[in-house]
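Numbered as in our numbering, the sequence shown ends at 1748 without a single skipped number.
No residue lacks a Cβ here, since even glycine has one placed at the ideal position from N, Cα and C.
Keep in mind it's a predicted model, so treat the numbers as computed, not measured.
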Amino acid sequence: MKKRENQAALLLILTSGAVMAAALPLEALPAFGRWLRDLSLSGPAGNLAAWGIALALTALPALGLLWRGRRRWDWLLALAAGEIFAGVFFLVNPTLLHPGMDSEAVGTMWALAAAGSTAATLLAWAVLRGLGQLERTTGRAMEGLLLGAALLLGWLAAWSQCGDLAAGIRAAAESNTAPGLILWPTYLVLCLLAAADLIPELLGCAALVWGGRLARAMEEDPFGEETVAEAGRLSRRCGLTASASVLLCAGGNLLQMLFFSQLRATHFQVAFPFSTVLLAAALGLLCRYFQRAKAVSDDNQTII
């Protein structure tokens, strides 16, 4: 029973790890393709080894079939396997995609396309499998699901922000080549802006983790003192999360206004962390409803 209860949580956590593992070595994928090509050209034994590596990587999604029970969405695993095979094949032979372009540039772009497509397919499979088990999901399993979702969302947000920051710094450096220019204030502000964009998303991930703790506490003792205390803590944290997200959004543009004369690149945006604020507000409202339900329950117990 316990294994069945944790099945949905483990499913998302393991697939989140697979998606992260696919994205982490993204910069190394073109180098991997070149190494595999050199191995294939080294001779019959090397060619056989290269094909063996490619087929082994292609077979990795089939491990999902070992999961208990078959579902109609398992055909996505076959699609992921095809994406991996195509990704590896054209990493080894990038000139087949665009004969007239530089092979290294094509390999880098193809690595991004293949890794993103495969990761999205695996995530779709995990989510669709998990949705089919929501009816049997318990508080402890829900905690695991929310934890896995928070880890995945937080990692992807950090990865995206780091990529955007690197591109912004590189663009600022390439467009300001005059001698004597001081660029470190620009770089510093770009880093602060990236942090201001990232922190609300990480706070939203933290709210998911806090919500999972409350779900487990409610299952173990719905109106216990610890559950009520957890609801109170979550309500206060959600308020702080919403406040911090809004202030960071306003502070980013204000920072650029204050240091405008020293900046060689700016990035003003009219944006608002709606998802984080709405999540925090919804969880805070649910906590207050729960606290009211606790008060009503106590009154009924007194009357009885």
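List the endpoints of the continuous alpha helix (DSSP H) containing residue 1506. For the purposes of this step, residue 1506 is taken as the residue at position 62 of the sequence shown. Per DSSP, residue 1506 belongs to no alpha helix (DSSP H) and is neither H nor E.
Please report the Cβ distance between residue 1728 and residue 1687, rounded to the nearest whole angstrom; I am assuming they are in contact, meaning their Cβ atoms lie under 8 Å. As a working note, residue 1728 is residue 284 in the sequence shown. As a working note, residue 1687 is residue 243 in the sequence shown. The C-beta separation of residue 1728 from residue 1687 comes to about 11 Å, leaving the pair out of contact by the 8 Å criterion.
Taking the beta carbon of residue 1573 as the centre, do at least 16 other beta carbons fall within 10 Å, making it buried, or is it exposed? On the sequence shown, position 129 is the one that residue 1573 refers to. Residue 1573 is buried by the Cβ-count criterion.
Nearest to residue 1539 (by Cα), restricted to the options 1552, 1527, 1614 and 1587: Taking the first residue of the sequence shown as 1, we reach residue 1539 at position 95. Checked all of 1552, 1527, 1614 and 1587; the closest Cα to residue 1539 is 1552.
For residue 1545, count the other beta carbons within 10 Å of its own beta carbon; 16 or more makes it buried, fewer makes it exposed. Which is it? Within the sequence shown, residue 1545 is the residue found at index 101, counting from 1. Residue 1545 should be labelled exposed.
Which class does residue 1677 belong to by DSSP, given the choice of helix, strand or coil? Residue 1677 sits at position 233 when you count from the first residue of the sequence shown. The answer is helix: DSSP assigns residue 1677 an H, G or I state.
To the nearest angstrom, how far is it from the Cα of residue 1610 to the Cα of residue 1600? Stepping through the sequence shown from its first residue, residue 1610 is reached at position 166. Stepping through the sequence shown from its first residue, residue 1600 is reached at position 156. Approximately 15 Å, taken between the alpha carbons.
Expressed to the nearest angstrom, what Euclidean distance is found between the alpha-carbon atoms of residue 1385 and residue 1489? Absent from the structure is residue 1385, since the part of the chain shown begins at 1445 and ends at 1748.
8 Å contact criterion, which residue 1661 and residue 1685 should meet: CB distance rounded: Here residue 1661 refers to the residue found at position 217 of the sequence shown. Here residue 1685 refers to the residue found at position 241 of the sequence shown. Contact doesn't hold; Cβ gap of about 19 Å is too wide.
State the CB to CB distance for the pair residue 1653 and residue 1590, rounded to an integer number of angstroms; the pair is presumed to be in contact (CB under 8 Å). Within the sequence shown, numbered from 1, the residue matching residue 1653 stands at position 209. Within the sequence shown, numbered from 1, the residue matching residue 1590 stands at position 146. Sure, about 6 Å apart at Cβ, within 8 Å.
Residues in the same chain with beta-carbon distance under 8 Å from residue 1725, minus the five sequence neighbours each way, listed in chain order, please. Walking along the sequence shown from the start, residue 1725 turns up at place 281. Within the same chain, and ignoring the five residues on either side of residue 1725 in sequence, the residues whose Cβ sits closer than 8 Å to its Cβ are 1682 and 1686.
CB of residue 1588 within 7 Å of CB of residue 1649, strictly: Within the sequence shown, residue 1588 is the residue found at index 144, counting from 1. Within the sequence shown, residue 1649 is the residue found at index 205, counting from 1. Taking 7 Å as the Cβ cut-off, residue 1588 and residue 1649 do not qualify as a contacting pair.
How should residue 1731 be labelled, buried or exposed, when 16 other C-beta atoms within 10 angstroms of its C-beta is the threshold for buried? In the sequence shown, the residue the question calls residue 1731 occupies position 287. The residue is buried, with at least 16 neighbouring Cβ atoms inside 10 Å.
Do residue 1509 and residue 1565 have their C-beta atoms closer together than 7 Å? Translated into positions along the sequence shown, residue 1509 becomes position 65. Translated into positions along the sequence shown, residue 1565 becomes position 121. Their beta carbons are not under 7 Å apart, which means residue 1509 does not touch residue 1565 by this criterion.
Would you check if the distance between the CB atom of residue 1500 and the CB atom of residue 1483 is smaller than 7 Å? Locating residue 1500 in the sequence shown gives position 56, where the first residue counts as 1. Locating residue 1483 in the sequence shown gives position 39, where the first residue counts as 1. Not a contact, by the Cβ cut-off of 7 Å.
Spatial neighbours of residue 1541 within its chain, please: CB distance less than 8 Å, with the 5 preceding and 5 following residues excluded, ordered by chain position. Working through the sequence shown from its first residue, we reach residue 1541 at position 97. Hits under 8 Å: 1534, 1550 and 1554.
Taking 7 Å as the threshold (C-beta atoms), are residue 1612 and residue 1634 in contact? Here residue 1634 corresponds to residue number 190 of the sequence shown, with the count starting at 1. Here residue 1612 corresponds to residue number 168 of the sequence shown, with the count starting at 1. Closer than 7 Å, so yes.
Pop quiz: residue 1642 and residue 1616 are said to be a contact at Cβ under 8 Å. What is the actual Cβ separation, rounded to whole angstroms? Sequence index remark: in the sequence shown, residue 1642 carries index 198 (1-based). Sequence index remark: in the sequence shown, residue 1616 carries index 172 (1-based). About 19 Å; that fails the 8 Å criterion.
Beta-carbon proximity list for residue 1558, same chain, < 6 Å, skipping 5 on both sides: In the sequence shown, residue 1558 corresponds to position 114, counting from 1. Around residue 1558: 1531.
Give me the Cα-Cα distance between residue 1505 and residue 1527, rounded to the nearest whole angstrom. Within the sequence shown, the letter at position 61 stands for residue 1505. Within the sequence shown, the letter at position 83 stands for residue 1527. Straight-line Cα distance between these residues: approximately 10 Å.
Looking at residue 1571: is its Cβ nearer than 7 Å to the Cβ of residue 1480? Start at 1 with the first residue of the sequence shown, and residue 1571 comes out as number 127. Start at 1 with the first residue of the sequence shown, and residue 1480 comes out as number 36. In this structure, residue 1480 does not lie closer than 7 Å to residue 1571 by Cβ.
Distance CB(residue 1689)-CB(residue 1644) smaller than 7 Å: Numbered from 1 along the sequence shown, position 245 holds the residue referred to as residue 1689. Numbered from 1 along the sequence shown, position 200 holds the residue referred to as residue 1644. Cβ atoms of residue 1689 and residue 1644: closer than 7 Å.
Within this structure, are the beta carbons of residue 1398 and residue 1525 separated by less than 7 Å? Nothing can be reported for residue 1398, as the shown portion of the chain is limited to 1445 through 1748.
Around the Cβ of residue 1723, are there at least 16 other Cβ atoms within 10 angstroms (buried) or fewer (exposed)? For this step, residue 1723 is matched to residue 279 along the sequence shown. Under this definition residue 1723 is a buried residue.
For residue 1496, three-class secondary structure by DSSP: Locating residue 1496 in the sequence shown gives position 52, counting from the first residue. It is helical.
With distances taken Cα to Cα, identify the nearest neighbour of residue 1596 among 1606, 1586, 1607 and 1567. In the sequence shown, counting from the first residue as 1, residue 1596 sits at position 152. Per the Cα distances, 1567.
Mapping the DSSP letters down to three states, classify residue 1600 as helix, strand or coil. Position 156 of the sequence shown, counted from the start, is the residue given in the question as residue 1600. Here residue 1600 sits in helix by DSSP.
State buried or exposed for residue 1674, treating a residue as buried only when at least 16 other CB atoms are found within 10 Å of its CB. For the purposes of this step, residue 1674 is taken as residue 230 along the sequence shown, with counting starting at 1. That one is buried.
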